[in-house]
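Undergrad: Protein chains in written order, with full-length UniProt numbering: chain L, 1 to 517; chain X, 1 to 517. Ideal Cβ positions, reconstructed from N, Cα and C, are used throughout, including at glycine. Bear in mind the structure is a predicted one, so any value in this text is a computation, not a measurement. The following block contains the structure, expressed as structure tokens.
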């Protein structure tokens, strides 16, 4: 260890120790103290080794993970299903940078803004990592003056949230977004988004699911007729949003005790948010003496009714529920909102964990079990347009990490062998000193577009070459020996049956193609 | 505009103005001043509008860009070619987070470290955006104790470099990496990496190309026998690296005047770095009275000889040149290094621009025209292993942005129509009030896996629906009218020929599949 480095680290430890002491004296939050203690330990670890080497902390950043080849194989499968669905619906795709100007993200996420990752000011523009794909999409539309597009975007987003990685909640995670921008007849694009969620969740075969639907205008109207003051709509809305993780009694307590709502108003809200149904419920509420007083609520209810008529045409009403307790956190929604949940036993909500994740748990996709969400955001593009021109938009975001977790668990449970390569054939030899001949054959096959593997050492053992095929699922082996070379053939071995047959060199490519269709 | 916001912005402008004045007074570098002026202008722009609205700067961060659907279509094509090649060679794939612990990147990139993006310290770990995919790969191997893998990784990396976007040089850009880790017989994996570059550049059809090969040990040996002091190897090496952008006279001047090398040593280097050849050159240099005095150089030369024998087996020697002037910047290379250049007229090096990009232009893939590079890095994994255990590695990185630029230019030049969706059929109607019937048919087709488009408004004009098909390359139209509904058929129109034929509803799916194979 370099003495200069050592001294520097020791000084850093000293000053970091003071930071921790100060926080403790100030009775700072446990989270804050934990973070600083973690930094301290990291520094101490560097001095650690007896051999005088600087010790690295060998890990990925908190809340992130690597994907190994098996996980990548699952990921590829999931993405294929999703992309195929998006393409079936005629969507184009775009991509945007992983970071945006900081101001692009400002004022779009309400309370969740504190979870945005900022880049260090190293001179130049101030930048933040994207928090979702919706705001960059809106920026893209405004910047390119696009008023009409159906697009999908699959990319990673970043949130400084409390990770719960075993449940598929990360700080770096994929979103698969599908959005329709443009002026269409009411509720048709909204219904198509729900159709997409339905198709994807069905095809991924994750067990039963439910799609909850509500409307921001119904929520706001409900708050108004229940006597919630205007300036408390947002904060009461985020309390309602906790209903999928807390019983009503606790939610009510938070409204009354923490947010200062009258008991009476809270009780009235409680009555509404317990309602679930379909088109019938929307019709009933349109007749409701109180609810019908709110113009906003009526507009929302009429649209929900219309929405359900399209859902019928699309044949997906069996999984969709109009649920007045659904209230998604993000500021930018203006109309219909929805969220999809897996309801199968094995993947049911885990309430305990969700409650532990206290700070930062107000983020959008709060409910454990939730795998997709979205809604209408007619005002967002206008926030980026110099003249405030609006472009109506509706979209849905599939949260892939949780789906990965489930698929991984399923793959493990059924001991299914996942192939991590697509190799069709292994070029092997039983005898020594045939490396050159193997490489010549490998080149022939590569040049013919065959996926080939070869253990590129002088004298590999035939048994270990065959074992490798069995373990990694390679279906064929081409075995070369002096005799085969003399005869101008290769011995083609089928790994599963151990059947062997001589094939002439000129017919090998066709034979491989035929057998690995 | 909110008065509080306005006041805040005005104060920010004031203090930013002082920053700029101070820098000017201190005669800071032009770059530094420019950066701060840019920030000042950004702030002023916010106050700009007469309508009192805060003005957004509607752009992506410096050195980054969005991909529109056409660019995405090209990107998908290029990725498909590359991934297909990687899979043909039996590679698995992994993914790593976009950021790493800052210390993971420390000490890996030599002078280029200043180009790393750091994240802001918001509590918790100190993070940086990945600078390449090689260091995360080495970290992954050490962390998971993997000593043997052939893997590819396609992802974005980040460098705070001087962008030259028209030439395909960005701050956020894709790398497509293929690496072989593990103990193999010498030079076989190295040769396979070159084979991969050869295959990909051939298949992408980008015109003629050349792959330069050299070896770090040959460079170091050459420096030693030419009398370069040990502690100047790296800095002289990075000067040699500029030979593809500067004439020898200027390179020599930099060595002698800036780096303090003796004129005699520089001249000797000059003689060597002008040498190009193949296996024969390696043989000749092994006999060279001076060069052969360096054990290191001899080891490198023997390996280059062996490498060329495998390149012959792989049938790729026609594009590979042993070139003693090749010197890649990154610290971690230990053996063979290589770089691929496009040599076709239209894509030749642009010397003027490269020279302008003075600061930050010392980065790895300096040479304009360079589209791939890599080499052997046997020590990198050991830097992450607590016990320093080494894993020999060799790899190659395909620089995709430049290839995108060329493909885009080509697509524009030949006015080729690039489809941005894969829609097979448009469901249209000639009459009003058939929206429901159209949606019913669309649902039928979606459920049968057909890629369908439908203009989801009540009364679209048939002509505009047909026009949309011609513009976006949709090959078929299903036209619905009262008569067709009564007869249980749809009118199937072939867009290209305008031929129309009635197809019974039950046979439609099969007919579409047949016609859009």
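Across the segment 109-126 of chain L and the segment 175-191 of chain L, are there enough close Cβ pairs to call them in contact, namely three or more that are closer than 8 Å?
TA: Taking 8 Å as the limit for Cβ pairs, the verdict is that the segment 175-191 of chain L does not touch the segment 109-126 of chain L.
Undergrad: Quick one: residues in its chain with C-beta nearer than 6 Å to the C-beta of residue 154(X), no 5 flanking neighbours on either side, listed in chain order?
TA: 176, listed in sequence order.
Undergrad: Using the rule of at least 16 other Cβ atoms within 10 Å of the residue's Cβ for burial, across every protein chain shown, is residue 208(X) buried or exposed?
TA: Its Cβ having fewer than 16 others within 10 Å, residue 208(X) is exposed.
Undergrad: May I have the straight-line CA-CA distance separating residue 195(X) from residue 311(X), to the nearest angstrom?
TA: Each residue's Cα considered, the two are about 8 Å apart.
Undergrad: For residue 213(X), name the three-state secondary structure that DSSP assigns.
TA: Strand at residue 213(X).
Undergrad: If we ignore side chains and look at the alpha-carbon of each, how far apart do residue 422(X) and residue 314(X) end up?
TA: When rounded, the distance between both Cα atoms is 37 Å.
Undergrad: Could you name the residues of chain L that residue 38(X) contacts, counting a contact when the two beta carbons are closer than 9 Å?
TA: By Cβ distance, chain L contributes 124 and 125.
Undergrad: Quick one: residues in its chain with C-beta nearer than 7 Å to the C-beta of residue 378(X), no 5 flanking neighbours on either side, listed in chain order?
TA: Closer than 7 Å at Cβ, skipping near neighbours: 334, 335, 390, 392 and 393.
Undergrad: How about residue 315(L): is its C-beta nearer than 8 Å to some C-beta of chain X?
TA: So, interface residue.
Undergrad: So what's residue 347(X) in DSSP terms, helix, strand or just coil?
TA: Any reading at residue 347(X) must be qualified, since the residue scores a pLDDT of 45, below 50, and its modelled position is unreliable; no value is offered.
Undergrad: Do you know whose CA, among 174(X), 436(X) and 187(X), lies nearest residue 482(X)'s CA?
TA: Ranking the options by Cα distance to residue 482(X), first place goes to 436(X).
Undergrad: Compute the Euclidean distance between the alpha carbons of residue 160(L) and residue 38(L), then round it to the nearest angstrom.
TA: For residue 160(L) and residue 38(L), the distance between alpha carbons rounds to 16 Å.
Undergrad: Please identify the residue among 68(L), 152(L) and 45(L) whose C-alpha is closest to the C-alpha of residue 73(X).
TA: The option with the nearest alpha carbon to residue 73(X) is 152(L).
Undergrad: Could you name the residues of chain X that residue 91(L) contacts, counting a contact when the two beta carbons are closer than 8 Å?
TA: Near residue 91(L) (Cβ distances below 8 Å), the residues of chain X are 421.
Undergrad: Buried or exposed for residue 457(X), please, with buried defined as at least 16 other CB atoms from any protein chain shown within 10 angstroms of its CB.
TA: By the neighbour-count rule (16 or more Cβ atoms within 10 Å), residue 457(X) is not buried but exposed.
Undergrad: Figure out for me which residue from 512(L), 384(L) and 106(L) has the closest Cα to the Cα of residue 145(L).
TA: The shortest C-alpha separation from residue 145(L) is found at 384(L).
Undergrad: Classify residue 532(L) as buried or exposed, calling it buried when 16 or more other Cβ atoms lie within 10 Å of its own Cβ.
TA: An answer regarding residue 532(L) cannot be provided, because it is not within the stretch 1 to 517 covered by chain L.
Undergrad: Any heavy atom of the ligand NAD within a distance shorter than 7 Å of the CB on residue 416(L)?
TA: What this structure holds is no ligand at all, so the ligand NAD is not there to describe.
Undergrad: Nearest to residue 324(L) by alpha carbon, out of 339(L), 318(L), 317(L) and 229(L)?
TA: The shortest C-alpha separation from residue 324(L) is found at 339(L).
Undergrad: Helix, strand or coil, according to DSSP, for residue 186(L) in the structure here?
TA: Three-state DSSP puts residue 186(L) in coil, outside helix and strand.
Undergrad: Excluding sequence positions up to five away, which residues of its chain have a Cβ less than 8 Å from the Cβ of residue 33(L)?
TA: Around residue 33(L): 20, 23 and 24.
Undergrad: Using 8 Å as the threshold, is the segment 89-107 of chain X in touch with the segment 7-18 of chain L, meaning 3 or more CB pairs across them?
TA: No: fewer than three Cβ pairs fall under 8 Å.
Undergrad: Using three-state DSSP, classify residue 250(X) as helix, strand or coil.
TA: DSSP places residue 250(X) in helix when its eight states are reduced to three.
Undergrad: For residue 139(X) and residue 206(L), what's the separation of their Cα atoms in angstroms?
TA: Cα to Cα, the separation comes out at about 34 Å.
Undergrad: Using a Cβ cut-off of 8 Å (strictly closer), state whether residue 5(X) contacts chain L.
TA: Taking Cβ atoms only, chain L never reaches closer than 8 Å to residue 5(X), which makes this a no.
Undergrad: List in chain order: all unbroken beta strand (DSSP E) runs of 3+ residues lying wholly within the segment 385-411 of chain L.
TA: As far as the segment 385-411 of chain L is concerned, its whole beta strand (DSSP E) runs of at least 3 residues are 393-399.
Undergrad: Closest Cβ-Cβ distance between residue 189(L) and chain X: below 8 Å?
TA: True, the Cβ-Cβ gap to chain X drops below 8 Å.
Undergrad: Cβ closer than 7 Å: which chain L residues qualify as neighbours of residue 142(X)?
TA: Those within 7 Å of residue 142(X) in chain L are 58.
Undergrad: Residue 429(L) to residue 447(L), Cα distance in whole Å?
TA: When rounded, the distance between both Cα atoms is 20 Å.
Undergrad: Check each candidate in 306(L), 147(L), 251(L) and 203(L) and name the one with the smallest Cα separation from residue 403(L).
TA: When each option's Cα is compared against that of residue 403(L), the closest is 203(L).
Undergrad: Taking 8 Å as the CB-CB limit, is residue 451(X) close to chain L?
TA: So yes, residue 451(X) belongs to the interface.
Undergrad: Which residue wins for smallest C-alpha separation from residue 243(X), given the options 273(X), 83(X) and 217(X)?
TA: Closest option to residue 243(X), Cα to Cα, is 273(X).
Undergrad: Name, in chain order, the residues that DSSP records as bridge partners for residue 426(X).
TA: Paired residues: 453(X) and 477(X).
Undergrad: Contact defined as beta carbons within less than 8 Å: I believe residue 240(X) pairs with residue 327(X). What is the distance between those atoms, to the nearest angstrom?
TA: About 4 Å; that satisfies the 8 Å criterion.
Undergrad: Taking the DSSP output, what are the residues bridged to residue 374(X)?
TA: Answer is 338(X) and 396(X).
Undergrad: Quick one: which residues of the segment 85-112 of chain L get their C-beta closer than 8 Å to a C-beta of chain X? List them in chain order.
TA: Against chain X - using a Cβ distance shorter than 8 Å - the residues of the segment 85-112 of chain L are 87, 88, 89, 90, 91, 92, 93, 94, 95, 96, 97, 98, 99, 100, 101, 103 and 104.
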